[in-house]
Amino acid sequence: MGNPPFLGGSKLRRGLGDQYAEKLWRCYSGRLPGASDLVCYWFEKTRAELASGRLSRAGLVATQGIRKGASRMVLESISASHRIYAAWSDEPWINEGAAVRVSLVCFAASGKIPHGLTTLDGNQVDGIDATLTESKEFRLHEAARLAENLGACFMGSS
Numbered sequence: 680m681g682n683p684p685f686l687g688g689s690k691l692r693r694g695l696g697d698q699y700a701e702k703l704w705r706c707y708s709g710r711l712p713g714a715s716d717l718v719c720y721w722f723e724k725t726r727a728e729l730a731s732g733r734l735s736r737a738g739l740v741a742t743q744g745i746r747k748g749a750s751r752m753v754l755e756s757i758s759a760s761h762r763i764y765a766a767w768s769d770e771p772w773i774n775e776g777a778a779v780r781v782s783l784v785c786f787a788a789s790g791k792i793p794h795g796l797t798t799l800d801g802n803q804v805d806g807i808d809a810t811l812t813e814s815k816e817f818r819l820h821e822a823a824r825l826a827e828n829l830g831a832c833f834m835g836s837s
């Protein structure tokens, strides 16, 4: 999914009209800042679908602005509960004569990452953070039970 038209947060009202912009901001109040780019609303909608279990993974196109300012909040929210498993932080995008730079972001519910690999700009990495740079942070919320340990137990010292 892409972001045409490429509307930054400051252009939403002008591009969509007062009534639509106000309704959008009310609907996403508390989840996104009003200054977020239009594409952030699609990222947040997708994050909610992952959280509900109706979706296991997704990939979206955004302008590079998603990596900074108010727009980055949606990637922080995704990173907190899911995993960005593939991203291209700075790619050319030419559409009907308009040349822009975009970020491509693929994210998934824990355990739903294809092939178990995480790649950033085509290179395997340990993790990807909300700025679409490599993260080596330990992610305890992704810990899972090992089938090999089924039926085993440990009481510790007693």
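Residues 680 to 837 in this note's numbering are what the sequence shown spells out, letter by letter. All residues carry an ideal CB built from backbone N, CA and C; glycine is no exception.
**Q.** Cβ neighbours of L711 in the same chain (closer than 7 Å, five flanking residues each side left out)
**A.** Against the sequence shown, residue 711 aligns to sequence position 32. Excluding positions up to five away in sequence, the list reads C719, Y720, E723, M752 and V753.
Q) In whole angstroms, what is the alpha-carbon distance linking N682 and N828? A) For the purposes of this step, residue 682 is taken as residue 3 along the sequence shown, with counting starting at 1. For the purposes of this step, residue 828 is taken as residue 149 along the sequence shown, with counting starting at 1. Model confidence at N682 stands at a pLDDT of 48, short of 50, so the residue's coordinates are unreliable and nothing is read from them.
**Q.** From G790, A809 and S814, residue whose alpha carbon lies closest to that of L734
**A.** Translated into positions along the sequence shown, residue 734 becomes position 55. For the residues G790, A809 and S814, the minimum Cα distance to L734 belongs to G790.
Q. Using CA coordinates, which residue listed in P771, D769 and A765 is at the minimum distance from T838?
A. The requested residue 838 is not part of the displayed model; the chain covers only 680 to 837.
Q) Is the beta carbon of I763 sitting closer than 9 Å to the one on I807? A) Within the sequence shown, numbered from 1, the residue matching residue 763 stands at position 84. Within the sequence shown, numbered from 1, the residue matching residue 807 stands at position 128. In contact: I763 and I807 (Cβ atoms closer than 9 Å).
Q: Confirm, please, whether the CB-CB distance from L729 to A823 is below 9 Å.
A: For the purposes of this step, residue 823 is taken as residue 144 along the sequence shown, with counting starting at 1. For the purposes of this step, residue 729 is taken as residue 50 along the sequence shown, with counting starting at 1. Going by C-beta atoms, A823 is not nearer than 9 Å to L729.
Q) Do you know how far the Cα of A831 is from the Cα of M680? A) Working through the sequence shown from its first residue, we reach residue 680 at position 1. Working through the sequence shown from its first residue, we reach residue 831 at position 152. With a pLDDT of 46 at M680, under the threshold of 50, the modelled position of that residue is not reliable, and the figure given next carries that caveat. Computed Cα separation, rounded: 45 Å.
**Q.** Between the CA atoms of T812 and R692 - distance to the nearest angstrom
**A.** The count along the sequence shown starts at 1 and reaches residue 692 at position 13. The count along the sequence shown starts at 1 and reaches residue 812 at position 133. Their backbone Cα atoms lie some 31 Å apart in a straight line.
Q.
Just to confirm before moving on: does the CB-CB distance between I757 and D716 stay below 9 Å?
A. As a position in the sequence shown, residue 757 is number 78, starting the count at 1. As a position in the sequence shown, residue 716 is number 37, starting the count at 1. I757 places its beta carbon 9 Å or farther from that of D716.
(Q) Can you find the residues in the same chain that come closer than 7 Å, C-beta to C-beta, to D800, ignoring five residues on each side of it along the sequence? (A) Position 121 of the sequence shown, counted from the start, is the residue given in the question as residue 800. W767 and S768, listed in sequence order.
(Q) Could you compute how far the alpha carbon of S708 sits from the alpha carbon of S836? (A) Numbered from its first residue, the sequence shown carries residue 708 at position 29. Numbered from its first residue, the sequence shown carries residue 836 at position 157. Taking the straight line from one Cα to the other gives about 49 Å.
Q: Could you have a look at L825 and say whether DSSP puts it in helix, strand or coil?
A: As a working note, residue 825 is residue 146 in the sequence shown. Three-state result, L825: coil.
(Q) I need the DSSP call for G744, collapsed to helix, strand or coil. (A) Here the question's residue 744 lines up with position 65 in the sequence shown. Here G744 sits in helix by DSSP.
Q) Under the rule that 16 or more other beta-carbon atoms within 10 Å means buried, what is A759, buried or exposed? A) Looking up residue 759 in the sequence shown gives position 80. It is exposed - the Cβ of A759 has fewer than 16 other Cβ atoms within 10 Å.
Q: Look up A730 in the DSSP assignment and say whether it is helix, strand or coil.
A: Here residue 730 refers to the residue found at position 51 of the sequence shown. Correct three-state label for A730: helix.
Q: Give the DSSP-derived three-state secondary structure of A749 in the structure shown.
A: Translated into the one-based positions of the sequence shown, residue 749 becomes position 70. Looking at A749 - three-state DSSP - the assignment turns out to be helix.
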